[in-house]
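Participant: Numbering (the numbering used here), first residue to last: 729 to 1059.
Glycine is no exception: its CB is placed at the ideal position from the N, C-alpha and C atoms.
Got a structure for you, written out below as structure tokens; questions coming shortly.
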């Protein structure tokens, strides 16, 4: 069994209240990796509370870019002869033979022979045409059944559906939260304000008699974190001060930002960090530079509980407060 932590988004709330009315709605909780953060609203944003603006439409197989008008006219499939396997949906390798074309799948054993003289994409559309004929049966009076022995139908390849790249904006203030390079061959992210880099990351660990909670600070600011729960959960400590990480990417800096229980194997760098004595240990709490490991008291047979996390961001003389709601579920 593993504890999974999901973050609450307020996009379905109808009014402001101390405790959200939709806190019991599972549709309001999302994985932290899939959430954005609006800096103007100072709030988490999910895919339901962001507006999308299409920047480019292209084929993922040949990277051919097209317009929205052409995409709608073609049924949102590739305008070229890109085909994919009807069994495993992998791209087909098409080669020329004497009497036509041979389309083979490099993943499974699918193989089909296509005739010359017609575009490959047009031959793939024969599948859709044959499905339409099935609907004509309702227009005829049922006659006597005749037993016929027919050979198995040939599965024709499918056309590759188009994909799009978007710019994403906060639905409430129109602040941009994500933007990608419109070039199909590029994987560059121009701008993306992800919640994972703006709010504390919280994990619940198992492996002992009672679960433990890891609270990490991924931001370059000092955080004051207050934990609370109305589900009967007790924390070894409810108030924490987490310093920002060093921002360095060397082995020592990375290990300093990870609790000992999450280090998979012992290395020279990990032994050096443990010998530094920079980790504070007291009853129920282990704290590093930008993280803290807290013991929890969870009632027996509890499979899920909510946690209220109050965060204060400190940047010099300026502060900003944020309240997060979490759902911890044992799956």
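1. Measure the alpha-carbon distance for residue 984 versus residue 968 and round it to whole angstroms.
2. Helix, strand or coil for residue 753, going by three-state DSSP, please let me know.
3. For residue 796, name the three-state secondary structure that DSSP assigns.
4. I'd like to check one pair, residue 1019 with residue 1035: are the Cβ atoms closer than 9 Å?
5. Which value, in whole angstroms, describes the spacing of the CA atoms of residue 1061 and residue 823?
6. Tell me, which residues are paired with residue 805 by DSSP?
7. Per the DSSP calculation, residue 828 is bridged to which residue(s)?
8. Would the beta-carbon of residue 804 fall within 9 Å of that of residue 890?
9. Note down the Cα distance separating residue 1038 from residue 943, rounded to an integer number of angstroms.
10. For the beta strand (DSSP E) containing residue 815, list its first residue and its last residue.
11. When the Cα atoms are used, what is the spatial distance from residue 786 to residue 793?
12. Rounded to whole angstroms, how far is the Cβ of residue 782 from the Cβ of residue 923, which I believe are closer than 8 Å?
13. If you draw a straight line from the C-alpha of residue 1045 to the C-alpha of residue 928, how long is it?
14. Span of the beta strand (DSSP E) holding residue 934?
15. Can you tell me whether residue 900 is helix, strand or coil according to DSSP?
16. Using the DSSP secondary-structure output, state which residues sit across from residue 920 in a beta bridge.
17. Counting only runs of 3+ residues fully inside the region 948-977, write out the beta strand (DSSP E) ranges in chain order.
18. Going by DSSP, what residue range makes up the beta strand (DSSP E) through residue 772?
19. Looking at the secondary structure, which residues open and close the beta strand (DSSP E) in which residue 1065 lies?
20. Does residue 1025 pass the burial test, meaning 16 or more other C-beta atoms within 10 Å, or should it be called exposed?
21. In whole angstroms, what is the alpha-carbon distance linking residue 1056 and residue 883?
22. Quick check: residue 814 and residue 751, are their CB atoms within less than 9 Å of each other?
23. For residue 945, which residues does DSSP report across the bridge?
Facilitator: Quick answer:
1. 18 Å
2. coil
3. helix
4. no
5. Shown here, the chain extends from 729 to 1059; a query on residue 1061 therefore has no answer.
6. 889
7. 843
8. yes
9. 12 Å
10. Looking at the DSSP string, residue 815 is not in any beta strand (DSSP E), and its letter there is neither H nor E.
11. 4 Å
12. About 24 Å separates the two Cβ atoms, so there is no contact after all.
13. 21 Å
14. First-last for residue 934: undefined, no H or E at that position.
15. coil
16. 906
17. 950-956 and 967-970
18. 771-773
19. The requested residue 1065 is not part of the displayed model; the chain covers only 729 to 1059.
20. exposed
21. 46 Å
22. no
23. Paired residues: none, contrary to the question.
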